[in-house]
Each structure stands twice: as C-alpha cells, then as structure tokens.
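Here's the structure, in structure tokens; my notes come after.
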Amino acid sequence: MSENQPNLPNAKKVFIKTYGCQMNVYDSDRMTDALAPHGYSPTQDMGEADLVLLNTCHIREKAAEKVYSELGRIRDFRNEREPGAKKMLIGVAGCVAQAEGEEIMARAPAVDLVFGPQSYHRLPELLSKAQTGRVIDTEFPEEDKFAHLPAARKEVTISRGLTAFLTVQEGCDKFCSFCVVPYTRGAEVSRPVAQVLAEARGLADAGVREITLLGQNVNAYHGLGADGQPVSLGALCHMLAEIDGIERIRYTTSHPRDMDDELIAAHRDLPELMPYLHLPVQSGSDSILKAMNRKHTAAQYFEIIDRIRAARPDMAISGDFIVGFPGETDADFAATVEMVRKIGYASAFSFKYSTRPGTPGAQMDNQIEEHVKAERLEVLQAEITRQSQAFNAGCVGLTMPVLIDKPGRNPGQVSGRSPYLQPVHIPADPGLIGQILPVEIVGQAKNSLEGRIITANAKAV
1 MSENQPNLPN AKKVFIKTYG CQMNVYDSDR MTDALAPHGY SPTQDMGEAD
51 LVLLNTCHIR EKAAEKVYSE LGRIRDFRNE REPGAKKMLI GVAGCVAQAE
101 GEEIMARAPA VDLVFGPQSY HRLPELLSKA QTGRVIDTEF PEEDKFAHLP
151 AARKEVTISR GLTAFLTVQE GCDKFCSFCV VPYTRGAEVS RPVAQVLAEA
201 RGLADAGVRE ITLLGQNVNA YHGLGADGQP VSLGALCHML AEIDGIERIR
251 YTTSHPRDMD DELIAAHRDL PELMPYLHLP VQSGSDSILK AMNRKHTAAQ
301 YFEIIDRIRA ARPDMAISGD FIVGFPGETD ADFAATVEMV RKIGYASAFS
351 FKYSTRPGTP GAQMDNQIEE HVKAERLEVL QAEITRQSQA FNAGCVGLTM
401 PVLIDKPGRN PGQVSGRSPY LQPVHIPADP GLIGQILPVE IVGQAKNSLE
451 GRIITANAKA V
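Take the sequence shown: its position 117, counted from the start at 1, is 117 in full-length UniProt numbering, and no numbers get skipped.
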C-alpha cells in the first residue's frame, strides 16, 4: 500500500471494458485516475465490481449493436448475483454514448449513467447522482477536462508499463463524409504545452521510455506555449525529446493536409522520433477522395510521402483504406490498389465502407453492394499483406534498437518493439526488460520478427 493511497475501509472496484482506438485506452486509464481519490481501484473481475463501465467506439460497423449486446449480458449478470450482494452500477462512456445517449437510456433500462468522452472528468460527480437516479451527460463542456483530472499516482503509472499513450489533441474539423468523429469528439482542441510536458515528465518519472502522442488529427496540434503562441507538433516533439527518460516518441493519427515542413524536419533531426508514420489516405482515386471530402488529391499524397522519405529515408509508412465507398467504380478501386503498390506500406488497415448515421456518406446514392465490397477488400488486403511481409523480410539481417518491454510467450524469451513498431521476440533474460538494446533480426514470423541481442554485456539465453 502506497503512503499516497490511504487504506479505505469501503474501497470499491471498477471494471472497464474498452473498445476501439488508442485514445479510448488512454481515456479508460484517466477514468481510473479520476475515480482513485474516491476509493475506486481497477479490477479485471467483473464479479467483484461495484461499477462496470463500457468505454465505447463508434467507428467500426455495428458498433452500437455490440454495445447493446454486451449491456444485455451485464444486466443478466447483475440480476443473477446473490441476494444481498453489493449494488453494481452500469455506465456507458465514449463515442457511442455521445452519439446515442438518449437511445441507450431508452433501450437499456439497466444502464445507470451515460457520458461522452468530454465529460469523464466529472465521473465522480455523475456517480454520486446515479445513486439516486439515472444520469446522462453528453454535452460538450467549455472547461478543459484535462485541467480537472488528477495526475495518475506514480505506482499506477509504473504498473501500466514502459510505453504510454498521451493525448495532446482531440476532435476534428475536417468533416470527412464517412466519419463520425466531429460529431462525437467535437471540434479540434489542443492541450496547452505546459500541460502536455507535465504529464510526460510524470510518465518518465514512473519509468516510461516510449510515449505515443494521440489525437484524432494529431498533426493539427496547436497548443499554446508559455508565450501564449501556438506550438506545432514538430516543435512539441523537440520539447518532449529533452525530457530525461523519454527515449522514443510516436504519434497517431495524422491527416495529410497537416503534414507540415516543421514536422517532417523533426523526423529528420530527432532520433527520438521514431521512423514510423501512420498517414491514412483512404483511397487512391481523386473522385472518391473528393466525395469523401478529404481535401487533398492522390498526387498531393504522393508528394507528401516523397518529402517525408527525402527527410528520413528509412521511414516506414502505415495507412488506412476504405473500399466500397458510395460511387466507387472498378477504376477507382484499381487506383487505390495501384497507390498501395507504389507507396510500399509497412502495414495498413483496410475496411469495407459502412454507413454511420448522421454522416453525409450515409445519404449518398450509389451505395456499393456488399459482395463487391468483400471482393475488393480481399484483393486489397492480399496486396497489403504481401507488402507487410516484404517489409519484414527486408529487416532480416539488420541490427536495430529494440525496446525490451515484456516477457515473451516462452520461457527464456523476452519481447520488444522495433523502431517500426514490429514485435520482436528474443531469447534473453527477463532482467533486460526496460532496456533499449541493439538486436540483430534473424528471422520473421507472420506478424513479428525474431532477433538476438548483440551487445557484449547483455545476457542472452
């Protein structure tokens, strides 16, 4: 028991199930931090929970229905508890809550509270209200939620590992016609520089070696510096690189229109900024990009990639692609496949288009038949898989710094991450966890690499 954590006689437990993106993982951790001063500690056992929270994502197909299905299971679990067992509150957070809060209250009477991603700093207050009646809070508050959240206790941060997410920006002003983010996360907002640096120093003090900066449109970051002037993401990366203990910096997710010269130069100049960039394009067809309201062309995306690789020749590129957007012809899809072939992705995510209520894409004519989407996705994923495996094969024989961050699956094995975010499995002593060591890549599996430590004083197995 930490001296900063009092022995609370009525300590309570919170179980959080997290769906979707890295920012939801970060948000779930911050919910835990917000509840800690009020006597809650996290549990992985729903059976002992006083509070069950579903932190939801609205991006994937049928996201809301999956939430309702899970709520039904939790309701039944609660109803089957022993007579006289402690009361379990059920809450829904995140983007489904933001988009469908009233409907959740109507369809799921077992739910005690619903709150959006901009309201979780008020979670203790909402829980207090939920003791006497159902609560919904899906407003976009004017106050800065991060300013009202307590810092994570050092021992809690240590327990979360050597890598950490750090949200620096939320929301999006791009209004892509397929996307719900502007409606569920709101307009673009950037955290002040001092706030970001303070959180990063706390992470470093707890032993975090690698931070991933998060934002729905992270490279649009423009948080205010000490002089009251906006600071770019590239400049912020320089500041973060000066923090003792922070050895690696990543960021996600970016928009091509915000990939400015300062950020590209940071990739050239900062060894701490990893040579891996997730830069979604969604389609290789100009007509589809226009229908998606992406505000850039395929040629402009190619030009950005060329600038990035000129600055950092070893840069690995990752992307997102949507197939079967309304009106997509065979020629449009062929342009996407050709773009993938020309760029040479280290990895990429690809999805069939699915409508999101309230988005312009849902109202468009020429919706593509499901079997056509499936056929196109199969073709695209085969090409992406081929490229990913080729990229991994190209790493065999190279020596690269690997952050050893956890025990491996097998005895006498550890695992880590390469600069390109690949899992690397290494026969070595678990005492090396926490170090960044030169590793020769000696083989590849389907989704990972195999390596051996070449440092003379490191203890290999």
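All residues carry an ideal CB built from backbone N, CA and C; glycine is no exception.
Where does residue i land, buried or exposed, given buried means 16+ other C-beta within 10 angstroms?
{"i": "P6", "result": "With a pLDDT of only 40 at P6, under 50, the local geometry of the prediction cannot be trusted, and no value is derived from it."}
{"i": "F175", "result": "exposed"}
{"i": "H371", "result": "exposed"}
{"i": "E262", "result": "exposed"}
{"i": "T329", "result": "exposed"}
{"i": "P419", "result": "buried"}
{"i": "K86", "result": "exposed"}
{"i": "M145", "result": "Position check: residue 145 holds Lys in this sequence, whereas Met was assumed. Buried is the call here."}
{"i": "E170", "result": "buried"}
{"i": "A346", "result": "buried"}
{"i": "R250", "result": "buried"}
{"i": "L398", "result": "exposed"}
{"i": "N392", "result": "buried"}
{"i": "R134", "result": "exposed"}
{"i": "E139", "result": "exposed"}
{"i": "D76", "result": "exposed"}
{"i": "V461", "result": "Confidence at V461 is low in this model, with a pLDDT of 37, below 50, so its placement is unreliable and no value can be given for it."}
{"i": "E100", "result": "buried"}
So residue i packs on residue j, CB below 8 Å; how close in whole Å?
{"i": "S318", "j": "A291", "result": "That belief does not hold up - the Cβ atoms of S318 and A291 are roughly 24 Å apart, past 8 Å."}
{"i": "Q98", "j": "P117", "result": "6 Å"}
{"i": "A316", "j": "P275", "result": "6 Å"}
{"i": "M259", "j": "I304", "result": "5 Å"}
{"i": "I444", "j": "V396", "result": "Ile is not the amino acid found at residue 444; the sequence shown has Gln there. So it is a contact: roughly 6 Å between Cβ atoms."}
{"i": "L214", "j": "M23", "result": "5 Å"}
{"i": "L113", "j": "G84", "result": "23 Å between Cβ atoms; not a contact."}
{"i": "A194", "j": "A226", "result": "7 Å"}
Could you tell me which of the options sits nearest to residue i, measuring between CA atoms?
{"i": "I441", "options": "E450, C179, Q118, C237", "result": "E450"}
{"i": "residue 472", "options": "E375, A310, Q118", "result": "Since the displayed the chain opens at 1 and closes at 461, residue 472 lies outside it and no answer follows."}
{"i": "residue 462", "options": "A310, N79, T56", "result": "Given that the chain is displayed from residue 1 to residue 461, the structure contains no residue 462 and the question cannot be resolved."}
{"i": "P280", "options": "F321, I246, L273, G245", "result": "F321"}
{"i": "A298", "options": "L437, I343, M274", "result": "I343"}
{"i": "S254", "options": "H58, I453, N219", "result": "N219"}
{"i": "E247", "options": "L273, N392, R185, G223", "result": "L273"}
{"i": "I436", "options": "V180, R386, A200, E210", "result": "E210"}
{"i": "G94", "options": "L166, V424, T18, D45", "result": "T18"}
{"i": "H38", "options": "M46, D50, Q387, D27", "result": "D50"}
{"i": "A151", "options": "D205, D76, D306", "result": "D205"}
{"i": "R201", "options": "G434, K406, A241", "result": "A241"}
{"i": "T32", "options": "P230, L270, L123, D45", "result": "L123"}
{"i": "P430", "options": "R75, Q422, I453", "result": "I453"}
{"i": "G161", "options": "A311, G434, R294, P438", "result": "G434"}
{"i": "G358", "options": "G234, T184, G228", "result": "T184"}
{"i": "L277", "options": "R294, L270, S285, I308", "result": "I308"}
{"i": "G223", "options": "S190, K373, I243", "result": "S190"}
{"i": "V402", "options": "S448, L166, Q381, A362", "result": "S448"}
{"i": "A266", "options": "I243, G284, D244, H238", "result": "H238"}
May I ask you to report which of helix, strand or coil DSSP gives residue i?
{"i": "P9", "result": "For P9, the predicted model reports a pLDDT of 41, less than 50, meaning its position is unreliable; a value from the coordinates is still stated below. It is coil, neither helix nor strand."}
{"i": "F349", "result": "strand"}
{"i": "K406", "result": "strand"}
{"i": "L279", "result": "coil"}
{"i": "residue 493", "result": "This structure gives no information on residue 493, because the portion of the chain shown stretches from 1 to 461."}
{"i": "G20", "result": "coil"}
{"i": "M105", "result": "helix"}
{"i": "T329", "result": "coil"}
{"i": "T132", "result": "coil"}
{"i": "R30", "result": "helix"}
{"i": "F165", "result": "strand"}
{"i": "E440", "result": "strand"}
{"i": "A316", "result": "strand"}
{"i": "R452", "result": "strand"}
{"i": "V396", "result": "coil"}
{"i": "P360", "result": "helix"}
{"i": "F178", "result": "coil"}
{"i": "L263", "result": "helix"}
{"i": "I322", "result": "strand"}
{"i": "L203", "result": "helix"}
In the DSSP assignment, what residue or residues form a beta bridge with residue i?
{"i": "Q389", "result": "Beta-bridge pairing links Q389 to no other residue."}
{"i": "P427", "result": "Q413"}
{"i": "T43", "result": "None, per the DSSP bridge assignment."}
{"i": "V189", "result": "E170"}
{"i": "T56", "result": "G94"}
{"i": "R250", "result": "T212"}
{"i": "L273", "result": "I249"}
{"i": "F115", "result": "D137"}
{"i": "P419", "result": "None, per the DSSP bridge assignment."}
{"i": "P401", "result": "P438"}
{"i": "F15", "result": "V52"}
Any beta carbon of chain D sitting closer than 9 Å to that of residue i?
{"i": "I305", "result": "As a matter of chain content, chain D is missing from the structure shown, which is built from one protein chain."}
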